[in-house]
Amino acid sequence: MTTEAREPAGTASHGLRRGLTNYGDPDFALYLRRSFARSMGYSTELLQRPVIGIADTYSGFNNCHRHFPELIEAVKRGVLAAGGLPLVFPTISLGEVFLNPTSLMFRNLMAMDTEEMIRAQPMDAVVLVGGCDKTVPAQLMGAISANRPAINLVAGPMLTSRWHGERLGACTDCRRFWAKFRAGEVSRDEIQEIEGNLATTAGTCAVMGTASTMASIAEALGMILPGSAAIPAVHADRLRAAEATGRAAMRLAAEQVTPDHIVTPASVENALRVLLAIGGSTNAVLHLTAIAGRAGIDLDLNHLNQLSDSTPVIVDLKPTGPHYMEDLFAAGGIGAVLRELKPLLHLDCRTVAGETLGERLARPGGPVDREVVRPLAEPLQGSGGLVALFGSLAPKGAIFKRSAADPRLFEREGRAVVFTSLEDLSARIDDPGLDVTPDDFLVLQNAGPLSPSGMPEAGYLPIPQKLARAGVKDMVRISDARMSGTAYGSIVLHVTPDAASGGPLAKVRNGDRIRLSVESRRIDLLVSPEELARRPAPTPPVPPRGYARLYRSEILQADRGCDFNFLRKAPLGTDR
Ligand code: FES
């Protein structure tokens, strides 16, 4: 008797029968798989059901995911209630502050792990449970490449805490109080007290940092359930969203709705609009570029500028405003933002909820707190939070978060004070003898994607201590590094090509003049081409082995989202 004869009709390539281990005998492979699955105590009835994989990123090294056991139980409940078999599997987890040299270096590794485990294991759909900064983009990248029915579930933000009556939330307040400590305004005892009160619940950082931005983008793309981006991690609604996500995964499996139905040029543009309107993290430009690249969509920084011109900032969260993610949840969440942006959005995009964005937004929304989500006609800022700069210092672009910067520094020319590496920065930034004034431009080299440091969030260069103690709060800072989405300042990031690949940034010397014009979208090094040609730009050696070698060989520049070239849907040629 063949295995086909033993199975209900229509199940031949579904559930546990999918992707059998190859022994040259499919019947034996299925028999063996079932036998081992039964060793886990499942009934034969359950083993006949569609299988929903649940990618679990719980880790002792990831504080943001510490509630995942409870969240995943709720997903399983939803799958079981809808007639499926939930099977949880682990993947790499990336806890932002626990990784060296930086979490971005491992985003692509996590994306590969996620993609391969979705593809290799017998699941009809997958629920991807993530949250901390790099985990959601990694899961989206992996799921798009695997292209099996998929739905994301995000951790949700932390709740804020209190210190001496003041509201605290990771991590804008982490940086704010550290700057005060450096300036001598907060004592060592006080900073230790603050340290214990910045992050006090499960969940992702409490402000519009990278994790919250990526959750918002996932909702705008249509890859998480409507209304679920901003629900606090510890709120019962988060568990209800988890249960509903399990049910939705069953529907996606039945209808064979794969990520390529959802992540399209139109939905990517919707996500960009939301990114600009929420004053979101600069990191999200990298991540969305990489996510789009997995779907064969090229995200161009000139296009970002076009959208930025016509997308006002309407959300007043830290680091650009006073509010936190729990306030956005209470104010109506990303649904309220999408309703305001409706005239600018592509409404025919499908979502994992089984409806289009237009159908979602046709339903009446709830009350909106206008202190947090402004009407489109009365925005906080008339144009988007992010802008791309181009010029002789960054021929392939750089990113500037104008919504979180001091407009008095937007049109400037300054003298370069150069730090050649992160080590040089930490050795000299607080040197009382450092030749620096508040009008200078601080320049950091060799912190980009091809550097050994792997593009850390070091672009928020500290104000030199002697200036900080004199009351200087902001200066123009330029680097090929990234910046935390929770940070604030007049900071030019992602300078491309980076210094480690021999870009113009590598050739800046102390005393060079640099011109910044946010209005003209320019960042120029005012040094003649002849002089630049005389200056060396050494590139670091390729590491001898392991993931570091793969990373260094394949990593693309920031304008391509720092993905690995061979993981893009359409790999680039030698002119990257
Ligand atoms: Fe995980 Fe901020 S450290 S989101």
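Residue numbers (this note's numbering): 19 to 594.
All C-beta atoms in this analysis are idealised placements derived from N, C-alpha and C, irrespective of residue type, glycine included.
Quantities reported herein were computed from a predicted structural model and do not represent experimental measurements.
Inter-stretch contact (C-beta, 8 Å, three-pair minimum) for the stretch 550-562 and the stretch 419-426: Verdict: no, contact absent.
Three-state secondary structure assigned by DSSP to Val286: For the purposes of this step, residue 286 is identified with residue 268 of the sequence shown, where counting begins at 1. Three-state DSSP puts Val286 in a helix.
Glu475 to Ile481 span [Cα, whole Å]: As a first step, residue 475 is located in the sequence shown; it is residue number 457 there, counting from the start. As a first step, residue 481 is located in the sequence shown; it is residue number 463 there, counting from the start. Each residue's Cα considered, the two are about 15 Å apart.
N-terminal and C-terminal residue of the alpha helix (DSSP H) that Glu441 is part of: Counted from its first residue, the sequence shown places residue 441 at position 423. Element bounds for Glu441: Leu440 to Arg446.
Per-residue burial, Gly264 [other beta carbons within 10 Å of its own, 16 or more giving buried]: Translated into positions along the sequence shown, residue 264 becomes position 246. Under this definition Gly264 is a buried residue.
Contact test: Asn80 Cβ vs ligand 1 heavy atom, cutoff 8 Å: As a working note, residue 80 is residue 62 in the sequence shown. The answer is yes for Asn80.
Beta-bridge partners of Val461, as assigned by DSSP: Within the sequence shown, residue 461 is the residue found at index 443, counting from 1. According to DSSP, Val461 bridges with Val436 and Ile496.
Residue from Arg430, Val494, Gly245 and Tyr506 whose Cα sits closest to the Cα of Arg381: The sequence position of residue 381 within the sequence shown is 363, counting from 1. When each option's Cα is compared against that of Arg381, the closest is Gly245.
Where Pro385 falls, given that 16 or more other Cβ within 10 Å makes a residue buried: Position 367 of the sequence shown, counted from the first residue, corresponds to residue 385. It counts as exposed.
Inter-stretch contact at 8 Å, needing at least 3 Cβ pairs: the stretch 34-45 / the stretch 140-152: Short answer: they touch.
Alpha carbon of Gly466 to alpha carbon of Ser444, nearest angstrom: By 1-based counting over the sequence shown, the position of residue 466 is 448. By 1-based counting over the sequence shown, the position of residue 444 is 426. Straight-line Cα distance between these residues: approximately 17 Å.
Of the residues Lys491, Val494, Pro450 and Thr109, the one placed nearest Gly127, counting alpha carbons only: Within the sequence shown, residue 127 is the residue found at index 109, counting from 1. Gly is not the amino acid found at residue 127; the sequence shown has Leu there. The option with the nearest alpha carbon to Leu127 is Thr109.
Endpoints, alpha helix (DSSP H) assigned at Val303: In the sequence shown, counting from the first residue as 1, residue 303 sits at position 285. Annotation for Val303: the continuous alpha helix (DSSP H) segment containing it runs Asn301 to Arg312.
Spatial neighbours of Phe408 in its chain, beta-carbon cut-off 7 Å, leaving aside the 5 residues before and after: Within the sequence shown, the letter at position 390 stands for residue 408. Excluding five sequence positions before and after Phe408, the CB atoms of its chain that fall closer than 7 Å to its own CB belong to Gly415, Arg539 and Arg540, given in chain order.
Backbone secondary structure at Phe46 - three-state DSSP: What you label residue 46 is simply residue 28 of the sequence shown in a count that begins at 1. Here Phe46 sits in helix by DSSP.
Whole-number beta carbon distance between Ala518 and Pro558, since they are thought to touch under 8 Å: Reading the sequence shown from its first residue, position 540 is the one you call residue 558. Reading the sequence shown from its first residue, position 500 is the one you call residue 518. Rounded, the Cβ-Cβ distance is 6 Å, consistent with contact.
Rounded C-alpha distance that separates Asp285 from His305: Here residue 285 is taken as the residue at index 267 of the sequence shown, counted from 1. Here residue 305 is taken as the residue at index 287 of the sequence shown, counted from 1. Strictly speaking, residue 285 in this sequence is Ser, with Asp absent from that position. When rounded, the distance between both Cα atoms is 15 Å.
Where Leu186 falls: helix, strand or coil (DSSP): On the sequence shown, position 168 is the one that residue 186 refers to. For Leu186, the three-state secondary structure derived from DSSP is strand.
Rounded separation between Trp181 and Glu208 - CA only: Along the sequence shown, read from residue 1 onward, the residue named residue 181 stands at position 163. Along the sequence shown, read from residue 1 onward, the residue named residue 208 stands at position 190. Cα-Cα distance, rounded: 10 Å.
Straight-line Cα distance separating Glu63 from Thr344: As a first step, residue 344 must be located in the sequence shown, where it is residue number 326. As a first step, residue 63 must be located in the sequence shown, where it is residue number 45. First, the amino acid is wrong: residue 344 is Glu here, not Thr. Cα to Cα, Glu344 sits roughly 42 Å from Glu63.
Nearest-angstrom Cβ-Cβ length linking Arg312 and Lys587, presumed shorter than 8 Å: The residue labelled residue 312 in the question sits at position 294 within the sequence shown. The residue labelled residue 587 in the question sits at position 569 within the sequence shown. Taking 8 Å as the upper bound for CB-CB distance, Arg312 and Lys587 are in contact here, some 6 Å apart.
Per-residue DSSP class, three states only, for Arg84: As a first step, residue 84 must be located in the sequence shown, where it is residue number 66. Under the three-state reduction of DSSP output, Arg84 falls in the coil class, being neither helix nor strand.
Whether Ser471 touches Thr120 by CB criterion (9 Å): If you number the sequence shown from 1, residue 471 lands on position 453. If you number the sequence shown from 1, residue 120 lands on position 102. Closer than 9 Å, so yes.
Thr300 beta carbon near ligand 1 (any heavy atom closer than 8 Å): As a working mapping, residue 300 is identified with position 282 in the sequence shown. Not under cutoff, so the answer is no.
Alpha carbon of Leu270 to alpha carbon of Glu549, nearest angstrom: Working through the sequence shown from its first residue, we reach residue 270 at position 252. Working through the sequence shown from its first residue, we reach residue 549 at position 531. Straight-line Cα distance between these residues: approximately 59 Å.
Assigned exposure category for Leu544 - 16 Cβ within 10 Å defines buried: On the sequence shown, position 526 is the one that residue 544 refers to. With fewer than 16 other Cβ atoms within 10 Å, it is exposed.
Cβ distance (whole Å) where Asn165 is taken to contact Thr276 below 8 Å: Residue numbering aside, residue 165 sits at position 147 when the sequence shown is read from its first letter. Residue numbering aside, residue 276 sits at position 258 when the sequence shown is read from its first letter. Right, their Cβ atoms sit about 5 Å apart.
Check: Val115 C-beta below 8 Å from any heavy atom of ligand 1: By 1-based counting over the sequence shown, the position of residue 115 is 97. Yes, ligand 1 has a heavy atom inside 8 Å of this Cβ.
7 Å CB neighbourhood of Ala266 in its chain, flanking five on each side removed: Indexing the sequence shown from 1 puts residue 266 at position 248. Taken in chain order, the residues that qualify are Ile169, Leu243, Val370 and Ala371.
Assumed close pair Leu359, Leu322 - CB separation to whole angstroms, cut-off 8 Å: Residue numbering aside, residue 359 sits at position 341 when the sequence shown is read from its first letter. Residue numbering aside, residue 322 sits at position 304 when the sequence shown is read from its first letter. Not really, about 16 Å apart at Cβ, beyond 8 Å.
Cβ pair Leu599, Thr228 closer than 9 Å: Past the edges of the chain, shown from 19 to 594, lies residue 599, and the structure says nothing about it.
Start-end ranges of the beta strand (DSSP E) lying completely within the stretch 123-162, minimum 3 residues: For the beta strand (DSSP E) assignment, the uninterrupted runs of no fewer than 3 residues enclosed by the stretch 123-162 are, from N- to C-terminal side, 143-148.
Cβ neighbours of Lys525 in the same chain (closer than 7 Å, five flanking residues each side left out): The sequence position of residue 525 within the sequence shown is 507, counting from 1. Taken in chain order, the residues that qualify are Leu550, Arg553 and Ala555.
Phe584 burial status per 10 Å Cβ neighbour count (16 or more: buried): As a working note, residue 584 is residue 566 in the sequence shown. In the assembly as shown, Phe584 is an exposed residue. Its beta-carbon has fewer than 16 other beta-carbons within 10 Å.
Distance between Pro361 and Asn118 (C-alpha atoms, nearest Å): Counting from one through the sequence shown, the residue named residue 118 turns up at place 100. Counting from one through the sequence shown, the residue named residue 361 turns up at place 343. Taken atom to atom, the span from the alpha-carbon of Asn118 to that of Pro361 is near 43 Å.
Neighbour-count burial assignment, Arg125, 16 or more Cβ in a 10 Å radius: Taking the first residue of the sequence shown as position 1, residue 125 is located at position 107. Under this definition Arg125 is a buried residue.
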